[in-house]
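In our numbering, the protein residues as written are 7 to 202.
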């Protein structure tokens, strides 16, 4: 009873970023399935819920005024405005999970990942790269969710983002999913301060 920490180590924050279509979502699903003590950070947004989305599970859905109040209170690890809507990562849930010894995974755009370096300097930041721009284009087309114009814009954005990959702690090329997962697990383990 004397030691309230009873050997429990601090958790950590792992930021996973990279261009659209590089496979971040698939990688994270696999990591969460394999590691029950990993916790996926939920973003807040001012956009309307899509069909089937649940508040507090998919996103925290906030009004513009609520979001702006939290910005002024410095309650976000990172935030940005895309297409007229705010998106951001609330600090409080992340800090609570880390205090419980969890590894918190944060999947965000490159712009947000840069902000996290300032707001949470000890975060481990991993940049997922495509094997090539041609392969990234193939994956974006395969998704079948984007117009030709949207694909072009995403590829242009990807070139800018890839040029910034050196700013991040690690760069992992997602050529073969199993290899990518193993590399990311090794990086997270390397930063694991717990004794188990």
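C-beta: ideal position from N, C-alpha, C; glycine also. Computed from a predicted model, the values in this text were never measured in an experiment.
Query                                                                                                                                          : Result
With burial defined as no fewer than 16 other Cβ atoms inside 10 Å of the residue's Cβ, what is the status of residue 72: buried or exposed?   : exposed
If you run the structure through DSSP and keep just helix, strand and coil, what is residue 75?                                                : helix
Looking at C-beta atoms only, is the number of pairs between the stretch 142-161 and the stretch 42-51 that lie closer than 8 Å three or more? : no
What do you reckon, are the CB atoms on residue 137 and residue 179 nearer than 7 Å?                                                           : yes
Look up residue 94 in the DSSP assignment and say whether it is helix, strand or coil.                                                         : strand
Under the rule that 16 or more other beta-carbon atoms within 10 Å means buried, what is residue 58, buried or exposed?                        : exposed
Since residue 134 sits in a beta bridge, which residues does DSSP pair it with?                                                                : 178
Quick check on this structure: which residue in 74, 75, 51 has the alpha carbon closest to the alpha carbon of residue 67?                     : 51
Do residue 134 and residue 24 have their C-beta atoms closer together than 7 Å?                                                                : yes
In whole angstroms, what is the alpha-carbon distance linking residue 175 and residue 54?                                                      : 34 Å
Just grab the DSSP bridge partners of residue 88 for me.                                                                                       : 91
If the criterion is Cβ atoms closer than 7 Å, does the pair residue 122 and residue 84 meet it?                                                : yes
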